[in-house]
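All remarks here apply to the structure that follows.
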Amino acid sequence: LKQCEKTISVDSNSNPEYSRGLVLALIGKRSEALDSFNKALQQDSNNYHVLVDQAKVSLKLQKDENALASYTRAIKLNPEEADLHVQKGTVLEALGQEDSAMECYLTAAELAPTNSQAYVQTGKLLIKEGKAQEAVTWFDMALHLKKDCADAQIGKGISLSELSEHLRAVQCFDQAIHLNPWSITAYELKARTLETMKHYQQAIEIWGRIIRIEPSVSAHYISKGTALRTFTSDYKQALKCFTKAVELDPTNHHPLLEKGKTLILLKEYRNAISCATKVFAISPENAEAFSIKGKQHIWGRASLFGFFF
């Protein structure tokens, strides 16, 4: 740690607590890093760089209010820095202060008209406000500034999907995937949009591709299984997906529920009852949610149907 502190120090006059905090943050000791940044600010309360790094670490620790305070102080010291306004806006948005967040994004765009991230964040917030058409304009401006901005393509695709322009939305998601072939978000959005367009087989193929990228994520198998069961009535293949999801996440009741529903469709009632029993063992409150009465061992077929549907 001491050697790293020497390496990361900018010069002999640099704040040693700040250098220590930077090293601690790099090696994942964020709470200790935050302590060092606080000590650095006690020595120099107007150190802009410390405030910015303090805000970033606070966000990693999910201390949004602290991050907001640090960004606010940093902006007072350097009000012309557009990136700071964008970062402050994202914190405000996370805290539910969307009007204030929008002010930050617009300020950033005004300060730095070539800051593509300001346009992207504005577009994202407009989507949340139900202003999809306006959002498209902002994403287009971001793409004009930065043609390889995958986030802007995704945002534009979401906006177009909201406007029922599904084909154009898919084209945007394809562009995002071209820019970032590992973007699970872009693949998922494309699959959902294809389902809306009733291009079910293509959507299922996309879910399969997502699984190949992240084979250990239970939710992906649930998505593919649901598509197979809902759109193609391929219950056996759906069951394989849900079974794999259960294997990957055995303490989650959701894949068990989906597996149970599929077993009912396959008329494998005993196995479905077994799934239901495991659900109640993991999440007993489901008994109340589905108004199931009595002990598990006396469930009959009728109550099982009531449980799942």
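Numbering (our numbering), first residue to last: 1048 to 1356.
Backbone N, C-alpha and C define an ideal beta-carbon position, used for all residues, glycine too.
Per DSSP, the continuous alpha helix (DSSP H) segment holding residue 1085 begins and ends at 1077-1090.
Annotated three-state conformation of residue 1315 is coil, per DSSP.
In this structure, 1105 is the residue among 1243, 1312, 1105, 1171 with its C-alpha nearest to the C-alpha of residue 1082. Along the length of the region 1090-1135, whole alpha helix (DSSP H) runs at least 4 residues long occupy 1095-1107, 1111-1124, reported in chain order. Residue range 1179-1192 is occupied by the alpha helix (DSSP H) that includes residue 1181. A distance below 8 Å between beta-carbons, with the five flanking residues on each side excluded, links residue 1078 to the following residues of its chain, in chain order: 1108. By the Cβ neighbour-count rule, residue 1250 is buried, with 16 or more other Cβ atoms within 10 Å of its own. In terms of CA proximity to residue 1188, 1202 leads the group 1175, 1202, 1176, 1177.
Taking C-beta atoms under 8 Å as the contact rule, residue 1199 and residue 1186 qualify, at a distance of about 5 Å. In this model, residue 1117 and residue 1131 are separated by some 10 Å (Cα to Cα).
By the Cβ neighbour-count rule, residue 1165 is buried, with 16 or more other Cβ atoms within 10 Å of its own. Leaving aside the five residues that flank residue 1183 on each side, the residues in its chain whose CB is nearer than 8 Å to its CB run, in chain order, 1170, 1203, 1206, 1207, 1210. In the three-state reduction of the DSSP assignment, residue 1210 falls in the coil class, being assigned neither a helical nor a strand state.
Taking every protein chain shown into account, the CB of residue 1328 has fewer than 16 other CB atoms within 10 angstroms, so this residue is exposed. The beta-carbon distance between residue 1269 and residue 1292, rounded to whole angstroms, is 5 Å. This is short enough to meet the 8 Å contact definition. Annotation: the continuous alpha helix (DSSP H) that includes residue 1249 extends over 1247-1260.
Counting only residues of its own chain and dropping the five nearest sequence neighbours on each side, residue 1086 has a CB closer than 7 Å to the CB of 1064. For residue 1161, no alpha helix (DSSP H) segment is defined, and its DSSP state is neither H nor E. In this structure, the straight-line span from the alpha carbon of residue 1224 to that of residue 1123 is close to 39 Å.
Taken through DSSP and simplified to helix, strand or coil, residue 1298 comes out as coil.
Taking a cut-off of 8 Å on C-beta distances, the region 1174-1181 does not touch the region 1150-1164, as fewer than three cross pairs fall below it. Here the C-alpha atom of residue 1101 lies approximately 6 Å from the C-alpha atom of residue 1084.
Residue 1144 carries a coil assignment under DSSP once its states are collapsed to helix, strand and coil. Ranked by Cα distance from residue 1289, the options 1239, 1272, 1323, 1299 are led by 1272.
The Cβ atoms of residue 1099 and residue 1121 sit closer than 8 Å to each other.
With a beta-carbon spacing of about 10 Å, residue 1089 and residue 1062 fall beyond the 8 Å limit used to define contacts. Counting other Cβ atoms within 10 Å of its Cβ, residue 1112 stays below 16 and is therefore classed as exposed.
Remark: C-beta atoms of residue 1158 and residue 1129 approach each other more closely than 8 Å. Note on geometry: alpha-carbon atoms of residue 1191 and residue 1226 lie some 15 Å from one another.
For residue 1230, the three-state secondary structure derived from DSSP is coil. For the pair residue 1314 and residue 1277, the Cα-to-Cα distance works out to about 16 Å. Distance check between residue 1094 and each of 1125, 1305, 1242 places 1125 closest, using alpha-carbon atoms only.
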